[in-house]
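Q:
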Amino acid sequence: MSGMSTFTLENSIVRKIWGDADVILLLFAGAAAEYSLHRSVDWLAFTGSILKDPIGRIFATVAFAQDIAFSSVQKSNAKLAQINAIHKAVERKRGMSMPDWAHRDVLYLVLDYSERAFTLVHRPLTAEEQEGIYQYTRRIGEGLGMRGLPASYPEWRRHRNTIISENLVYSDYTRELMKSFRRDLGPWRFQLLLQAQGLITPEPVRNLLGLNPLPGLNQALQLYRFLVASGLRGIIQKTLIPPDHLSAVQSLDLSRAA
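So the number in this note's numbering is just where the residue sits in the sequence shown, counting from 1, plus 14.
1. Just to confirm the assignment, what range does the alpha helix (DSSP H) spanning Leu40 have?
2. Can you list, in chain order, the residues of its chain whose CB lies under 6 Å from that of Leu213, leaving out five sequence neighbours each side?
3. Would you call the region 242-259 and the region 161-172 touching, i.e. three or more CB-CB distances under 8 Å?
4. Please name the residue or residues paired with Thr20 in a DSSP beta bridge.
5. Is Thr22 buried or exposed, if buried means 16 or more other CB atoms sit within 10 Å of its CB?
6. Hey, how far is the Cα of Pro113 from the Cα of Val183?
7. Give the single residue among Pro201, Arg203, Leu241, Ser194 whose Cα lies nearest to the Cα of Lys66.
8. Have a look at Leu191 and Ser54 and give me their C-alpha separation to the nearest angstrom.
9. Considering only their Cβ atoms, is the gap separating Leu41 from Tyr127 smaller than 8 Å?
10. Taking Gly224 as the reference, give the member of Glu24, Asn98, Ala47, Asp34 with the closest Cα.
11. Alpha carbon to alpha carbon, what distance is there between Ala45 and Leu123?
12. Please state whether the Cβ-Cβ distance between Ala35 and Asp267 is less than 8 Å.
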């Protein structure tokens, strides 16, 4: 398919991010940490599915994101319409509308952790790539009915930095969601998740969750890059990923980032 018929260009930073399992896993580690603190987390917990199967819910979300990033314009727009329909169904069931700021904050945090994860796994984004990932994210937001989004990456970054703490609070939902992750990951993998979250999250999130990454964690990440370059990525995944989710993680690699 040509770039004109697809939602994203073949060599875009969007595809490098959403086609790389390492970036996606780190992205969602951070996003899960911040969203567990968000005042709108009750919407995610309303149906109960996130508490019953938090990892499965993440993979379902990733599937949506990858479908949008790698599909045709028509199919991607259909996915956005499907997401809208799901949101409306939950709103009808609950008898109220999801706040506009909740939609906005989730869009913002996914964008922020996209950049943070790619930077940690590979390299910092260029200014052109930052603008590219923002404009893509803005299209997603507008496709989901959001209005008044910033016009450019610098404007978005200023807004994100301003609002990062205003809707975050440690709540019973935070506690229950973290318990669900610990139940499904097991003790040592859950500790690994906390370390990853401590590495990628901004200070307000780390403070509220009490995340204290171990000294030398950045060096451990450099060692991981070396081991991956040495062809040991498959062995590492088999060690770190719960067996029930290994095939799902391996299927995330649609386009290895350069």
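Don't be surprised by glycine CBs; every beta carbon is placed ideally from N, CA and C.
A: Short version:
1. 35-51
2. Pro227, Leu231
3. no
4. Ser86
5. buried
6. 17 Å
7. Ser194
8. 13 Å
9. yes
10. Ala47
11. 6 Å
12. yes
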